[in-house]
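A.B. asks:
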Amino acid sequence: MNLSRRDLLKAAFASGVSFALPGLDLRAANQRGNERQKSLIVIWLGGGASQLETWDPHPATKIGGPTKSIKTKLPGLEIADLYPRVAEQIHELNVIRSLVSKEGDHERGTYLLKTGYRPDPTLIHPSLGAIASHELPNDQVEIPAHISLLGGQYPARGGFLGEMFDAFKIYDPSNGIRNLKARVGDDRQQQRLKALEVVSKSFQAGRRVQVENTLHQLTVERALRMMTSEQLKAFEIDQEPQAIRDAYSDTQFGHGCLAARRLVETGVRAVEVTLQGWDTHANNFTGHETQAKQLDPALAALIHDLKQRDLLASTVVLCIGEFGRTPKINPLEGRDHWPKGFSCLVGGGGLRSGLVIGETDTEPQTEQDANKSTTLPHDPIEVPDLFATILRQLGVEFDKEVLTPIGRPMKFSSGKPIERLMA
Amino acid sequence: MRWKLLLPGIVLLAVIWLVSFVTDQPLKGIATEESARPTADLDESIPKVNSFFAKRWAGENLQPVKQADELAVLRRITLALMGTVPSLEEIRAFEQDSGPDRLQRWTARFLHDRRYAEYFAERLARGFVGVEGGQFIVYRRDRFLNWLSGQLEANRPYPELVREMIAGNGLWTDEPEVNFVMAGYDDGEGFNKNKLAGRAVRAFLGQRIDCAQCHDHPFDHWKQNEFAGLAAHFGQLKLSPVGVREDRDLKFEVEDRHTLEKKVVEPAVPFGDQWEPTKGTRRERLAAWVTHPENRRLERAIVNRVWGLLFGRSWIEPVDDLPDPPGEQVAGPNIEGAKHPKSLKAGERDLLDLLGADFREHGYDLRRLIEVIVASKPFLLESKSDSDDVPRLDRMKEHFAIFPLTRLRPEQVIGALYQASSLTTVDQNSHLISRFIKLTRSNDFVKEYGDLGENELEDRAGTIPQALLRMNGNLTKETIDATPFTASGRISQMAPNDEKFLELCYLVCLTRRPAAEEADYFLPLLKQVRPKRRGQAVEDLYWTLFNSPEFAWNH
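Respectively, the protein sequence lines represent chains A and B.
Just so it is clear: in the first sequence, position 167 is 166 by numbering that gives the first Met the number 0, and no numbers are missing.
Just so it is clear: in the second sequence, position 190 is 189 by numbering that gives the first Met the number 0, and no numbers are missing.
1. Name the DSSP bridge partner or partners of M421 (chain A)?
2. Mind checking E265 (chain B): buried by the 16 CB within 10 Å criterion, or exposed?
3. Could you tell me the alpha carbon to alpha carbon distance between G307 (chain B) and Y115 (chain B), rounded to whole angstroms?
4. Alpha carbon to alpha carbon, how far is V395 (chain A) from A387 (chain A)?
5. Secondary structure at V268 (chain B), three-state DSSP: helix, strand or coil?
6. Going along the chain, which unbroken runs of the beta strand (DSSP E) with 3 or more residues stay wholly within the segment 102-175 of chain A?
7. Between the Cα of K327 (chain A) and those of A:R84, A:E52, A:V85, spot the shortest distance and give me the residue it belongs to.
8. Is V268 (chain B) near L229 (chain B), with beta carbons less than 8 Å apart?
9. Would you tell me roughly how many angstroms separate the C-alpha atoms of T71 (chain A) and L148 (chain A), rounded to the nearest one?
10. Quick one, which of B:M470, B:K250, B:A536 has its alpha-carbon nearest A231 (chain B)'s?
11. Jot down the residue ranges of each uninterrupted alpha helix (DSSP H) in the segment 488-553 of chain B, minimum 4 residues, whole runs only, in chain order.
12. Buried or exposed: K446 (chain B), going by 16 or more other Cβ atoms within 10 Å of its Cβ?
13. Go to I76 (chain B), then tell me how far its alpha helix (DSSP H) extends in each direction, as first and last residue.
14. Which residues of chain A have a Cβ atom closer than 8 Å to the Cβ of Y520 (chain B), listed in chain order?
15. What is the DSSP secondary structure of Y82 (chain A), counted as helix, strand or coil?
16. Can we say the segment 267-281 of chain A touches the segment 302-311 of chain A, given the rule of at least three CB pairs closer than 8 Å?
17. What are the complete alpha helix (DSSP H) segments, minimum 4 residues, inside the segment 345-390 of chain B?
18. Within 10 Å of its beta-carbon, does I301 (chain B) have 16 or more other beta-carbons around it, so buried, or fewer, so exposed?
19. List the residues of chain B whose Cβ lies closer than 9 Å to the Cβ of K113 (chain A), in chain order.
20. Give the C-beta separation of W56 (chain B) and H291 (chain B) to the nearest angstrom, bearing in mind that I take them to be a contact with Cβ-Cβ under 8 Å.
21. Looking at the secondary structure, which residues open and close the beta strand (DSSP E) in which G326 (chain B) lies?
22. Is the CB of R107 (chain A) under 8 Å away from at least one CB in chain B?
23. The beta strand (DSSP E) with V263 (chain B) in it runs from where to where?
24. Take E162 (chain A) as the anchor and find which of A:V140, A:G128, A:R187 has the nearest alpha-carbon.
25. Provide the residue span of the beta strand (DSSP E) that contains W288 (chain B), from first to last.
26. Counting contacts by CB-CB distance shorter than 8 Å, is S421 (chain B) in contact with chain A?
27. Check this for me: beta carbons of L309 (chain B) and I372 (chain B), under 8 Å apart or not?
28. Using the C-alpha atoms, what's the distance from R206 (chain A) back to T478 (chain B)?
29. Could you tell me if R224 (chain A) is buried or exposed, where buried requires 16 or more neighbouring beta carbons within 10 angstroms of its beta carbon?
30. Residues of the segment 202-215 of chain A with a CB closer than 9 Å to any CB of chain B: list them in chain order, please.
31. Closest Cβ-Cβ distance between M181 (chain B) and chain A: below 8 Å?
32. Out of A:L317, A:K292, A:T289, A:E211, which has the shortest C-alpha to C-alpha gap to I302 (chain A)?
33. Compare the C-beta of K180 (chain A) with all C-beta atoms of chain B and state if any pair is closer than 8 Å.
34. Quick one: what's got a C-beta closer than 6 Å to W43 (chain A)'s C-beta in the same chain, skipping five residues either side?
35. Name the chain B residues whose beta carbon is nearer than 7 Å to that of A222 (chain A)?
36. Looking at chain A, is there any beta carbon in it that lies within less than 8 Å of the beta carbon of K341 (chain B)?
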């Protein structure tokens, strides 16, 4: 089974009608290319994927382990041979091989790689998706604008922008969404809601302003709107032709990526899809093989699918985790946490494509060096700069200063956009 | 697959643990009349608070709103102290109580209820150690909670608890208070002294110096070297086979950010040197300094926190970033343009100082502090006003001339749900099964509803997942289902007429009787309900009441 590229093409052609999801603003949903408002898909590799077993392999070196490399469609770029399908699509994105951070702990690293800021005990920064949905609202969308699929321990948060901007968490879209069905038939539901109006009104007497500020009414209305929204169909991945579903592969993560595409198509601003299981302190190589079987088809299909539908130009795709893994292979055939030179994929949304930024040491390092190395990779990229780039590309004023609830001015991103990535 | 053989054993162990967890909390009856008397000398303190507010309201040209109905105040008290609404049983007993000062007596009664010790311990613990579970092997938040609730139940003077948390030695399982320092322990890196210093100052002195770790405080006077001096007090912490202890040979070193040289920093305090004793371990000296009677920050911080937990909003926000005590000269430049968040006039005494001094003069008695606040004028005010004038309402809120509307914590929502599903009080004496369900389900619900973590006193609006959970969640369905075991089922069976039926539902869910317009709406509908459909009618009514803003907000 090599690429199912041809199948995908066929399927995409056949399913042309599925663009027009019923009931939503066709104008917005059907806009394509540069016309379309920008969206963001974050593929989150929870636990920290090894750069050496993904986009930055060093075969036949002391640090490389048994991982081999393969050529990609981008001349000169080789990635780990666990990713034959991604190799066919990677030219649509860019590879950064020199991300650097100081956070080697899962929680702290996740915080940095989701918000662009290091943890600060005095406030919580908003995640990328929260900023995007805060700054780029879309009235036409009846389902939440910021969604986390298969979320792990630390789903994206709204931070000081408020809980309204927390990612709406859906652990497994193929199981349906929790608490979305009314428990009684429509007649009774209507009666309950009518009664609710009476009780609410009585509470509002003398408290009109205060009750309005609670947003209670608004959240109930939006919840009801969501419960009956046609746009929920975006979650029904079984509506997709079999060929497309096969391309993403029949895994939870594959379903998540497919749902992400459908959600973006519907107008959702930011989707995060999590693939857990990268924390390979032991058996790094078999672990990454297992992971790749899920990531490779789903990510490749996602890029291809977005491209086919002319959605890639309006959708920034970021594939990243909280850190990379040590060049040194430990006695358990594992790799430990490594924030000092790791990789990510980023592209789409009108960013340039086909760039490879940064380089980690190709020279085999001594064991001591590998452990203690404080040398940075060539052309190091700081996380805040990556975030500034993405925010600007989405159309967000990345250095806008907002006041946190305690009145402290804070920029959405403290970084500077990486000009090379801008088209 | 040999480990599978162990599975039954693991399950058995888990069951034993759960049962012992539930049962090792002693059964206690509702406090006896004797122990539940209000503290004797409340009359010395309440008028002082009231006159503070009378002056402030007059000075701000604000007219406070009317006094709230006593049942509404009762609901605030049980929500704040026990995280639940009053049971029908309690409402009935309260209404039959015709003696004087019944709110004060009932407050005292709740303060002697085990539910208070447990619930309030969790609230306070958020400020002391945060919400993270941490590394189970070296940190036991559950033990810490048990310890803290034991201290609240014994009502030990507050500074003693603080001293034990900062300076305690031993194993985190035997001496649960040392979990305060263990919360700052990281497997790879040992004790994080900076984190501990920042936490201690925030939790006990109500000031945020964490940012001075890396740079001088942007809008206050804390200096980086002052932070290092404080952190040095934790510099001799050591983890040994017998747990936490002090190692007098350890040195505290920090790296100079410019020269990158390491230098030894000796313990020092940023102000009030004279309060720090010269004897004792470093942590003992820090604990003595933090709790010195002249260190007003200690009492101001706890008063502000307790005020916040009772009202849902602290007097000064955020709860742990207080300005320096008025009139206190502290080294360092005054910040330009900085003004007291409560716009104190020159010479005016701050509420935190007034209540703080009162707290200190009365033996740092936490129960008494709560009694005073709950019995003073602001707590008894209505949450509604005739005015729609937003700036004026904001000022009234700021000066507590109206009771603030605040979102209930997830624990309070689930506590209220559970209580409303029963006619009798759900407490330590409840059936083992229902307590077990409460324990296990609460955690899931809290997670799904969205835990606010440490920042629980921030002003927050509701969210869509919360609305969905309240409307369609499993728990809502289970608690409103009219069965012979639920309150809704029993009300539908036993209420002699529609009026009583409606009244009972309202009392159980909202702690009040239906307003005229509500009765006008519901009674004709109820009249049409055939006896067979009464179960449905009660479920619908319960659903409506659960989903009303009134249920999910403190008012």
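Glycine included, C-beta positions come from ideal geometry on N, C-alpha and C.
Computed from a predicted structure; not experimentally measured.
C.D. replies: Inspection of the coordinates gives the following:
1. By 1-based counting over the first sequence, the position of residue 421 (chain A) is 422. Partner(s): A:L350.
2. Counting from 1 along the second sequence, the entry for residue 265 (chain B) is found at position 266. With fewer than 16 other CB atoms across the displayed protein chains lying within 10 angstroms of its CB, E265 (chain B) is exposed.
3. In the second sequence, residue 307 (chain B) corresponds to position 308, counting from 1. In the second sequence, residue 115 (chain B) corresponds to position 116, counting from 1. About 16 Å.
4. Indexing the first sequence from 1 puts residue 395 (chain A) at position 396. Indexing the first sequence from 1 puts residue 387 (chain A) at position 388. Distance between the alpha carbons of V395 (chain A) and A387 (chain A) is about 9 Å.
5. What you label residue 268 (chain B) is simply residue 269 of the second sequence in a count that begins at 1. Looking at V268 (chain B) - three-state DSSP - the assignment turns out to be coil, as it is neither helix nor strand.
6. Taken in chain order, the complete beta strand (DSSP E) segments of 3 residues or longer contained in the segment 102-175 of chain A are 145-148, 167-169.
7. Position 328 of the first sequence holds residue 327 (chain A). Per the Cα distances, A:E52.
8. Sequence index remark: in the second sequence, residue 268 (chain B) carries index 269 (1-based). Sequence index remark: in the second sequence, residue 229 (chain B) carries index 230 (1-based). In this structure, L229 (chain B) lies closer than 8 Å to V268 (chain B) by Cβ.
9. Taking the first residue of the first sequence as 1, we reach residue 71 (chain A) at position 72. Taking the first residue of the first sequence as 1, we reach residue 148 (chain A) at position 149. In this structure, the straight-line span from the alpha carbon of T71 (chain A) to that of L148 (chain A) is close to 29 Å.
10. By one-based count along the second sequence, residue 231 (chain B) stands at place 232. Considering only B:M470, B:K250, B:A536, the residue with the shortest C-alpha distance to A231 (chain B) is B:K250.
11. Counting only runs of 4 or more, we get 497-509, 515-526, 533-545, 548-551.
12. The residue you call residue 446 (chain B) lines up with position 447 of the second sequence. Classification of K446 (chain B): exposed, given that the 10 Å Cβ count is below 16.
13. Taking the first residue of the second sequence as 1, we reach residue 76 (chain B) at position 77. First-last of the alpha helix (DSSP H) with I76 (chain B): 69-81.
14. Here residue 520 (chain B) refers to the residue found at position 521 when the second sequence is read from its first residue. Contact annotation for Y520 (chain B) against chain A: A194, V197 [CB-CB distance below 8 Å, chain order].
15. For the purposes of this step, residue 82 (chain A) is taken as the residue at position 83 of the first sequence. Looking at Y82 (chain A) - three-state DSSP - the assignment turns out to be coil, as it is neither helix nor strand.
16. Taking a contact to require three or more Cβ pairs closer than 8 Å, the segment 267-281 of chain A and the segment 302-311 of chain A do not qualify as touching.
17. Counting only runs of 4 or more, we get 350-360, 365-374, 376-379.
18. In the second sequence, counting from the first residue as 1, residue 301 (chain B) sits at position 302. Of the other Cβ atoms in all chains shown, 16 or more fall within 10 Å of the Cβ of I301 (chain B); this residue is therefore buried.
19. Position 114 of the first sequence holds residue 113 (chain A). Neighbours of K113 (chain A) on chain B: none; closest Cβ ~16 Å, over 9 Å.
20. As a position in the second sequence, residue 56 (chain B) is number 57, starting the count at 1. As a position in the second sequence, residue 291 (chain B) is number 292, starting the count at 1. The Cβ separation is near 34 Å, so there is no contact.
21. Taking the first residue of the second sequence as 1, we reach residue 326 (chain B) at position 327. That residue, G326 (chain B), is in no beta strand (DSSP E); it is neither H nor E in DSSP.
22. Translated into positions along the first sequence, residue 107 (chain A) becomes position 108. Not one beta carbon of chain B lies nearer than 8 Å to the beta carbon of R107 (chain A).
23. In the second sequence, counting from the first residue as 1, residue 263 (chain B) sits at position 264. Where V263 (chain B) is concerned, the enclosing beta strand (DSSP E) starts and stops at 261-263.
24. Taking the first sequence and counting its residues from 1, one reaches residue 162 (chain A) at position 163. Selected option, being the one with the closest Cα: A:G128.
25. For the purposes of this step, residue 288 (chain B) is taken as the residue at position 289 of the second sequence. Per DSSP, W288 (chain B) lies in no beta strand (DSSP E) segment; the continuous alpha helix (DSSP H) that holds it begins and ends at 281-289.
26. Translated into the one-based positions of the second sequence, residue 421 (chain B) becomes position 422. It does not: the Cβ of S421 (chain B) has no partner Cβ on chain A nearer than 8 Å.
27. Here residue 309 (chain B) refers to the residue found at position 310 of the second sequence. Here residue 372 (chain B) refers to the residue found at position 373 of the second sequence. Yes; because the gap between Cβ atoms is below 8 Å, this pair is in contact.
28. Stepping through the second sequence from its first residue, residue 478 (chain B) is reached at position 479. Stepping through the first sequence from its first residue, residue 206 (chain A) is reached at position 207. Each residue's Cα considered, the two are about 29 Å apart.
29. By 1-based counting over the first sequence, the position of residue 224 (chain A) is 225. It is exposed - the Cβ of R224 (chain A) has fewer than 16 other Cβ atoms within 10 Å.
30. Near chain B, meaning a CB-to-CB distance below 9 Å, the residues of the segment 202-215 of chain A are F202, Q203, A204, G205, R206, R207, V208, Q209, V210, N212, T213, L214, H215.
31. On the second sequence, position 182 is the one that residue 181 (chain B) refers to. Closer than 8 Å: no.
32. Numbered from 1 along the first sequence, position 303 holds the residue referred to as residue 302 (chain A). Of A:L317, A:K292, A:T289, A:E211, the residue nearest in Cα terms is A:L317.
33. Counting from one through the first sequence, the residue named residue 180 (chain A) turns up at place 181. True, the Cβ-Cβ gap to chain B drops below 8 Å.
34. Within the first sequence, residue 43 (chain A) is the residue found at index 44, counting from 1. Take W43 (chain A), set aside five residues on each side of it, and the residues of its chain with a beta-carbon closer than 6 Å to its own are E271, T273, in chain order.
35. Walking along the first sequence from the start, residue 222 (chain A) turns up at place 223. Residues of chain B with a Cβ closer than 7 Å to the Cβ of A222 (chain A) are, in chain order, I463, A466, L467, M470.
36. Residue 341 (chain B) sits at position 342 when you count from the first residue of the second sequence. Among the CB atoms of chain A, none fall inside 8 Å of the CB of K341 (chain B).
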